[in-house]
Amino acid sequence: MKRILLIVGGGIAAYKASELVRLLRKRGHAVRCVLTEAGQHFVTPMTLAALSEDKVYTTLWDLKDEAEMGHIQLSRQADLIVVAPATADLIARMAGGLANDLATTLLLATDKPVLAAPAMNVRMWLHPATVRNVAQLRADGITVMAPDEGPMACGEFGPGRLPEPDRIADAIDAALEAKPQRLAGRHILVTAGPTHEPIDPVRYIANRSSGRQGFAIAGALAALGARVTLVAGPVTLPTPAGVTRIDVETAREMADAVDRALPVDVAIMVAAVADWHVDAAVQKIKKGDATPTLSLSENPDILATLARSPQRPALLIGFAAETERVVEHATAKRARKDVDWIVANDVSGDVMGGDSNSVHIVTKDGLESWPRQGKDAVAAQLARRVADALEPAQPMR
Ligand code: C5P
């Protein structure tokens, strides 16, 4: 049996909360209800108490309850907190971290997963403020269901209807089964792709990096719950789900974007950053003029700069693309760049642009060689390895 704390907000859809309580009880869950002040205009504490077979909580100032059970305890006794209906006002207060009533105080104090089922007028749902607030809640790790679309009590039509109670109950069961996300609350920076260094307005120097390994890593980290900032060189790959992408062209732009993304808990620098840039011509260089000579200047070493920075992440990982003596070069690079791990790959074959990769992980403790596998599998294994590194080893009992 799972314990659900159901917060019922004040909207016309609140009447459906009664049906939700009945369904959840039928599915074998214990339900305890908190009714906001506005919610009490739409459904009575008596109804919810009868259906949940438990006391209904309505106010923070109920001193008897504070003596019997503090609001902190109330929010932590549950396996899941559900907000249904989550009104525009409640969503805004949650996004802003307010704690001006019992519901928002519980939500701010909880360490449990939260699921919100929104319900509001279509204009309110589509308003930039609500869009911003919902994005904030999702970034904070709260599951916000998509509302249903259809005719509304206010006579308008569109998205904003409370999802049907059985759909909310399904989402609740899915949330209860979900494994805790190992990288939740971590901010991880990934660089990926090549850089383009302009020669003139139409030509550039590039390399064969496709960005696929870095994009796969960003996606795998996000799948474990990390907040991922992906600084991508010029590639046409789709952005992995849940990843914030910043597109750049040159190494110097990449260095700036990396700097702005700090602080992070982990940085994984997969990008094949050009070592030099050209002192680019302002106008297109014309054929027929004297054969041009390219004058090159060194690019910033983004990884080495980050390693020396006061904002150095707790775990800093570099990549090494080598065509010979892969492990030997990677080991030297780890020491030279002062990073925690180097992921070395042999790019003498078709790794750049290809589907698979065989990598060696060089750490201060030694070497791990992984079998050749798809870039997605390398990414998933690396993401798990990062999660392991961030979790202190459990003491033996
Ligand atoms: O020295 P090398 O370029 O082989 O090092 C590769 C590693 O350093 C990769 O992780 C790459 O993303 C990073 N790098 C960087 N900035 C540079 C050159 C390389 O971040 N200018």
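Under the working numbering, the first residue of the sequence shown carries the number 14, and numbering increases by one thereafter. C-beta: ideal position from N, C-alpha, C; glycine also. None of the values given here were measured: they were computed from a predicted structure.
- Here Met14 is exposed: its Cβ has fewer than 16 other Cβ atoms, across all protein chains shown, within 10 Å.
- If you check the CB distance, Ile155 and Leu33 do not come in under 9 Å.
- Relative to the ligand C5P, the beta carbon of Gly331 is positioned inside 8 Å of a heavy atom.
- A check of alpha carbon separations from Thr100 across Gly52, Gly83, Asp114, Asp92 identifies Gly52 as the nearest.
- Here Ile330 is not near Ile298, since their CB atoms are 9 Å or more apart.
- Runs of the alpha helix (DSSP H) lying entirely within the segment 160-214, each at least 4 residues long, are 178-190 in chain order.
- Thr123 sits close to Ser88, with the two beta carbons spaced by under 9 Å.
- The beta carbon of Val286 lies closer than 7 Å to those of Thr208, Ala264, Met267, Asn312, Ile315 in the same chain, with the five residues before and after it left out.
- Between Val279 and Leu403, the C-beta gap is smaller than 9 Å, which places the two residues in contact.
- For secondary structure counted as the beta strand (DSSP E) over 3 or more consecutive residues, the segment 264-311 holds these complete runs in sequence order: 279-282, 289-291, 309-311.
- Secondary structure note for Ser31: its alpha helix (DSSP H) is the uninterrupted segment 28-39.
- According to the DSSP assignment, Phe332 belongs to the beta strand (DSSP E) that extends over 328-335.
- Within the model, the alpha-carbon separation for Leu121 versus Cys46 is close to 17 Å.
- Relative to the non-hydrogen atoms of the ligand C5P, the Cβ of Ala182 never comes closer than 8 Å to any of them.
- Collapsing the DSSP output to three states places Gln386 in a strand.
- Taking the Cβ of Asn312 as the reference point, at least one heavy atom of the ligand C5P falls within a distance shorter than 8 Å.
- By the beta-carbon neighbour count (other beta carbons within 10 angstroms, threshold 16), His373 is buried.
- In terms of Cα proximity to Val291, the closest of Ser322, Arg145, Ser31, Pro211 is Pro211.
- If the five residues before and after Glu381 are omitted, its C-beta is found closer than 8 Å to the C-beta atoms of His373, Ile374, all from its own chain and listed in chain order.
- Using a 10 angstroms sphere on the CB of Gln226, the tally of other CB atoms reaches 16 or more, which defines it as buried.
- Two segments are said to touch when three or more pairs of C-beta atoms, one from each, lie closer than 8 Å; by this definition the segment 159-174 does not touch the segment 184-199.
- Within the same chain, Cβ atoms closer than 7 Å to the Cβ of Thr72 are found at Leu115, the five residues on either side in sequence being excluded.
- For Tyr217, same chain residues with a beta-carbon under 7 Å away, outside a window of 5 residues either side, are His209, Glu210, Pro211 in chain order.
- The ligand C5P never approaches Ala245 closely enough for any of its heavy atoms to be under 8 Å from the residue's Cβ.
- When rounded, the separation of the alpha-carbon atoms in Arg273 and Gly198 is 19 Å.
- The three-state reading of DSSP puts Ser88 in helix, counting H, G and I together.
- Secondary structure of Trp354 (DSSP, three-state): strand.
- For Leu250, no beta strand (DSSP E) run applies, since DSSP gives it neither H nor E.
- Secondary structure of Val95 (DSSP, three-state): strand.
- Closest in C-alpha terms to Gln90, from the list Phe55, Arg16, Leu307, comes Arg16.
- Between the beta-carbon of Leu36 and that of Asp186 there is about 10 Å, and that puts the pair past the 8 Å contact cut.
- DSSP places Leu48 inside the beta strand (DSSP E), whose first and last residues are 43-48.
- For Ile374, the pairing in a beta bridge is given by DSSP as Val356, Glu381.
- In this structure, Leu316 has its beta carbon less than 8 Å from a heavy atom of the ligand C5P.
- Distances from the CB of Ala334 to the heavy atoms of the ligand C5P include at least one below 8 Å.
- Relative to Lys29, the option among Ala62, His84, Met158, Ala97 whose CA is nearest is Ala97.
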